[in-house]
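Visitor: Chains as they are written, first to last, in this note's numbering: chain L, 26 to 339; chain Z, 556 to 804.
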Amino acid sequence: MATLLFAEHDDASLNPVTARALTAARALGAPVHVLVVGENARPAAEAAARLEGVAEVLLADAPVYAHRLAEPVASLGVALAGEYDALIAPSTAVWKSVLPRIAALIDVMQVSDAIAVIAPDIFERPIYAGNAIQRVRVRDARKVVTIRTAAFAATGEGGAAPIRAITPADAPAGTLFVGEQIAASERPDLTAARIIVSGGRAVGSAENFAKVIEPLADALGAAVGASRAAVDAGYAPNDWQVGQTGKVVAPDLYVAVGISGAIQHLAGMKDSKVIVAINKDEDAPIFSVADFGLVGDLFQLVPELTAEIAKAKA
Amino acid sequence: MKILVPVKRVVDYNVKIRVRPDGSGVELANVKMSMNPFDEIAIEEALRLKEAGKATEVIAVSIGPVKTDETIRTALAMGADRGIWVKTEEAGIEPLTVAKILRKIVEAEGPGLVILGKQAIDDDANQTGQMLSALLGWPQATFASKVVVGEGKIDVTREIDGGLQTLELALPAVLTTDLRLNEPRYASLPNIMKAKKKPIEEKPAADLGIDLAPRLDVLSTLEPTGRTAGKKVGSVAELVGDLKQAGVI
């Protein structure tokens, strides 16, 4: 039998977390089919077909799947589930909402946020905000697993999988899409960025985020993140939040500015390749995970760093 | 309209948990326990809807062994009207089983709305609300940051990746709460006293006819492998040099 991977995408393009989840899906050892579900989603399906090691792309393209509402998408997943040993999806807002529905309807206990595939039925996952790692074996014959994509490298391109259009399943009514406010940004997406610059409570205000943190991010071509303390204080929007209750990221470079390093925050960024911490408290816990620490006043150091980076790039 | 709010007893969010050195689990003996913070937000939202005249009764339900009633009592002290305690021998009932138990409670109580926390801060599973919604065949809205109840429907603004989404759900429905939905109230001393007199109905889980056996075998529970601290650099110029050498800029 095969593994079904649910693709994260916005119809027009494939989100890079899909290629990371594919790495986890391939680790199960069975052929991987990728499901692209949406409206006018062929471009995303074509991108999925180019990923290495994909045996087939299933494209469910219909108005009922616009915005990927949980109920109709879960019905489709249930209709397909019988042909697969394992259903895998990245832990994004969409699939966190959909996958447990499928699991319940096919009577399977889901494994959430897997960070390692030990065997086709054995996974590791974080509990207690990443303060403990649990290794679990699934007793159910079928597996339903969401993947913490920051823990897996991306699978590259080089494939040419066939795309098969599939017909929509019966969809329950009851939920209507009203609207969406997606922050438009020139900067890379937080979960896909190669570099992230994050600010904490010590940044002090939304104005200071714009004046100090964002210029450094732009000099580096980075996404902007924030600690939960900074979000709670209203200095940064919630979708910038990095941490257990926000986004879990693993960029090549993570620059933590004025962030003390609460466990909650560390859980969201400690898989980053290189971590830089800038903080005036030399005993701040963030330094215990940082590869490079700079102790001092962020309002002096960050503009200096921004200028140095700009100079280095020029 | 009745609102049902499932609440879970978990290790207090301020406690730094200790993983047993033999890998057998997280140390729970003599550890401060509290209501899951996302469930407090769920109770608060239910209470606000009742205070706004949109709901008539708020029922708190919890599933677990001895002392689970303390958590239900906390919900009653916040203002919930009554409690239901589904008694089990052990803690740590899996989300799928919890959802099946809750379906039975929903069928018996007939609420118009079930509000749950989006996840519990112990197992971090983020499943129960979605599973309950699927089993009931009711509409769901996860990660709610704003809730507006209308006639036979509810508008829910949700936290999604990159922004917010608003859905309209036909009632009855299932919601799960995100952090920014509200700030839960503290229980006042008089309300804590009053809560002692509020009823908590006890239902043995065994009577519900649901298999409580876990589907996941926990093979081990270990400390995460830590990162080691690197070096402190003396200047911005030194930092830029190190980052170039590391090949990240």
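Backbone N, C-alpha and C fix where the C-beta goes; we use that ideal spot for every residue, glycine too.
It should be emphasised that the depicted structure is a prediction, and the values quoted were computed from it without experimental measurement.
Does I656(Z) get closer than 8 angstroms to chain L when you measure Cβ to Cβ?
Guide: On the second sequence, residue 656(Z) is found 101 positions in, with the first residue counted as 1. I656(Z) does not count as touching chain L.
Visitor: What span of residues does the beta strand (DSSP E) with F202(L) cover, start to end?
Guide: The count along the first sequence starts at 1 and reaches residue 202(L) at position 177. Its beta strand (DSSP E) spans residues T200 to I207.
Visitor: Counting only Cβ pairs nearer than 7 angstroms, list the residues of chain Z close to P197(L).
Guide: If you number the first sequence from 1, residue 197(L) lands on position 172. Those are G692, listed as they occur along chain Z.
Visitor: Quick check on K673(Z): buried or exposed, where buried means 16 or more other Cβ atoms within 10 Å of its Cβ?
Guide: One-based indexing of the second sequence puts residue 673(Z) at position 118. The residue is buried, with at least 16 neighbouring Cβ atoms inside 10 Å.
Visitor: One question on the structure: do T732(Z) and I596(Z) come within less than 8 angstroms of each other, judged by their Cβ atoms?
Guide: As a first step, residue 732(Z) must be located in the second sequence, where it is residue number 177. As a first step, residue 596(Z) must be located in the second sequence, where it is residue number 41. In contact: T732(Z) and I596(Z) (Cβ atoms closer than 8 angstroms).
Visitor: Any chance the region 268-287 of chain L sits against the region 296-305 of chain L, with 3 or more Cβ pairs inside 8 angstroms?
Guide: They touch, by the three-pair rule.
Visitor: Listed in chain order, which residues of the region 722-742 of chain Z have Cβ atoms closer than 7 angstroms to some Cβ of chain B?
Guide: Of the protein chains in the structure, L and Z, none is chain B.
Visitor: Check the DSSP bridge columns for Y109(L) and list the partner residues they point to.
Guide: On the first sequence, residue 109(L) is found 84 positions in, with the first residue counted as 1. Y109(L) pairs with A27(L).
Visitor: Below 8 angstroms on C-beta distance, what does V299(L) contact in chain Z?
Guide: As a position in the first sequence, residue 299(L) is number 274, starting the count at 1. Those are L798, A801 and V803, listed as they occur along chain Z.
Visitor: Cβ closer than 7 angstroms: which chain Z residues qualify as neighbours of I172(L)?
Guide: Locating residue 172(L) in the first sequence gives position 147, where the first residue counts as 1. Going along chain Z, no residue has its Cβ under 7 angstroms from I172(L), so there is no contact; the nearest lies around 13 angstroms.
Visitor: To which residues does DSSP link R564(Z) through a beta bridge?
Guide: Residue mapping note: residue 564(Z) aligns to position 9 of the second sequence, counting from 1. Answer by DSSP bridge pairing, in chain order: M590(Z).
Visitor: Going by C-alpha distance, which of L47(L), I191(L) and A55(L) is nearest L101(L)?
Guide: The residue you call residue 101(L) lines up with position 76 of the first sequence. Comparing Cα-Cα distances from L101(L) to each of L47(L), I191(L) and A55(L), the minimum goes to I191(L).
Visitor: Does any C-beta atom of chain Z lie closer than 8 angstroms to the C-beta of N263(L)?
Guide: Counting from one through the first sequence, the residue named residue 263(L) turns up at place 238. Closer than 8 angstroms to some Cβ of chain Z, the Cβ of N263(L) qualifies, so yes.
Visitor: Would you kindly report the start and end of the unbroken alpha helix (DSSP H) that includes A144(L)?
Guide: In the first sequence, counting from the first residue as 1, residue 144(L) sits at position 119. From DSSP, A144(L) is part of no alpha helix (DSSP H) but of the beta strand (DSSP E) over A141 to A144.
Visitor: Given a cut-off of 8 angstroms, decide if G204(L) and A725(Z) are closer than it, judged by their beta-carbon atoms.
Guide: For this step, residue 725(Z) is matched to residue 170 along the second sequence. For this step, residue 204(L) is matched to residue 179 along the first sequence. Their beta carbons are not under 8 angstroms apart, which means A725(Z) does not touch G204(L) by this criterion.
Visitor: Just mark Y260(L) as buried or exposed, buried being the case when its beta carbon has 16 or more other beta carbons within 10 Å.
Guide: Within the first sequence, the letter at position 235 stands for residue 260(L). Classification of Y260(L): buried, given that the 10 Å Cβ count is 16 or more.
Visitor: Of the residues I188(L), D306(L), P115(L) and I140(L), which one's Cα is nearest the Cα of A217(L)?
Guide: Numbered from its first residue, the first sequence carries residue 217(L) at position 192. The residue with the shortest Cα to Cα distance from A217(L) is P115(L).
Visitor: Give the interface partners of A680(Z) over in chain L, defined as CB-CB distance under 7 angstroms, in chain order.
Guide: As a working note, residue 680(Z) is residue 125 in the second sequence. Within 7 angstroms Cβ-Cβ: S137.
Visitor: Starting from F234(L), trace the beta strand (DSSP E) in both directions and tell me its first and last residue.
Guide: Taking the first sequence and counting its residues from 1, one reaches residue 234(L) at position 209. Note, F234(L): premise wrong, no beta strand (DSSP E); not H, not E.
Visitor: Quick one: what does DSSP say E64(L) is sitting in, helix, strand or coil?
Guide: Start at 1 with the first residue of the first sequence, and residue 64(L) comes out as number 39. Reduced to three states, the DSSP call for E64(L) is coil.
Visitor: Let's see if you can read the secondary structure: which residues bound the beta strand (DSSP E) around D710(Z)?
Guide: As a working note, residue 710(Z) is residue 155 in the second sequence. Note, D710(Z): beta strand (DSSP E), K708 to I715.
Visitor: For P41(L), which residues of its own chain have a beta-carbon under 7 angstroms away from its beta-carbon, when the five flanking residues on both sides are left out?
Guide: The residue you call residue 41(L) lines up with position 16 of the first sequence. These residues qualify, in order along the chain: A179 and A217.
Visitor: Do R150(L) and I143(L) come within 8 angstroms of each other at the CB atom, strictly closer than that value?
Guide: Here residue 143(L) corresponds to residue number 118 of the first sequence, with the count starting at 1. Here residue 150(L) corresponds to residue number 125 of the first sequence, with the count starting at 1. No, Cβ-Cβ distance for I143(L) and R150(L) is not below 8 angstroms.
Visitor: Mind checking which residues open and close the beta strand (DSSP E) that includes D86(L)?
Guide: For the purposes of this step, residue 86(L) is taken as the residue at position 61 of the first sequence. Start and end: V79 to D86.
Visitor: Given this structure, state the Cα-to-Cα distance separating G638(Z) from A615(Z), to the nearest angstrom.
Guide: Against the second sequence, residue 638(Z) aligns to sequence position 83. Against the second sequence, residue 615(Z) aligns to sequence position 60. Each residue's alpha carbon lies about 5 angstroms from the other.
Visitor: Of all Cβ atoms in chain L, is any one closer than 8 angstroms to the Cβ of M686(Z)?
Guide: Here residue 686(Z) refers to the residue found at position 131 when the second sequence is read from its first residue. Output row for M686(Z): interface = yes.
Visitor: Are the CB atoms of R167(L) and A247(L) nearer to each other than 8 angstroms?
Guide: Your numbering for residue 167(L) matches position 142 in the first sequence. Your numbering for residue 247(L) matches position 222 in the first sequence. It is not a contact, given that the beta carbons lie outside the stated cut-off.
Visitor: Is the beta carbon of G286(L) closer than 8 angstroms to that of V314(L)?
Guide: Locating residue 314(L) in the first sequence gives position 289, where the first residue counts as 1. Locating residue 286(L) in the first sequence gives position 261, where the first residue counts as 1. Result yes, Cβ atoms of V314(L) and G286(L) sit closer than 8 angstroms.
Visitor: Determine the closest residue to G318(L) out of L777(Z), T783(Z) and I804(Z), with distance taken between C-alpha atoms.
Guide: Counting from 1 along the first sequence, the entry for residue 318(L) is found at position 293. Residue T783(Z) is the option with its Cα nearest to G318(L).
Visitor: Quick check on the burial criterion: 16 or more other C-beta atoms within 10 angstroms. Buried or exposed for R164(L)?
Guide: If you number the first sequence from 1, residue 164(L) lands on position 139. Exposed, since its Cβ has fewer than 16 Cβ neighbours within 10 Å.
Visitor: Report all residues from its chain with a CB closer than 6 angstroms to the CB of A309(L); omit the five preceding and five following residues, and keep chain order.
Guide: Translated into the one-based positions of the first sequence, residue 309(L) becomes position 284. Closer than 6 angstroms at Cβ, skipping near neighbours: S285 and G286.
Visitor: Enumerated in chain order, which unbroken segments of the beta strand (DSSP E) with a length of 3 residues or greater are wholly contained in the region 623-690 of chain Z?
Guide: Here the runs fully enclosed are 637-642 and 668-672.
Visitor: If I follow the unbroken alpha helix (DSSP H) through N746(Z), where does it start and stop?
Guide: By 1-based counting over the second sequence, the position of residue 746(Z) is 191. Per DSSP, N746(Z) belongs to the alpha helix (DSSP H) from L744 to A750.
Visitor: Per DSSP, what kind of secondary structure is P151(L) in: helix, strand or coil?
Guide: Within the first sequence, numbered from 1, the residue matching residue 151(L) stands at position 126. P151(L) falls in the strand class under three-state DSSP.
Visitor: Tell me whether I127(L) counts as near the ligand ADP, meaning its Cβ is closer than 7 angstroms to at least one heavy atom of that ligand.
Guide: As for the ligand ADP, it is missing from this structure, which has no ligand bound.
Visitor: Closest to I220(L) by CA distance: which of S252(L), S230(L), L241(L) and I207(L) is it?
Guide: The count along the first sequence starts at 1 and reaches residue 220(L) at position 195. Looking at the Cα atoms, L241(L) is the closest of the given residues.
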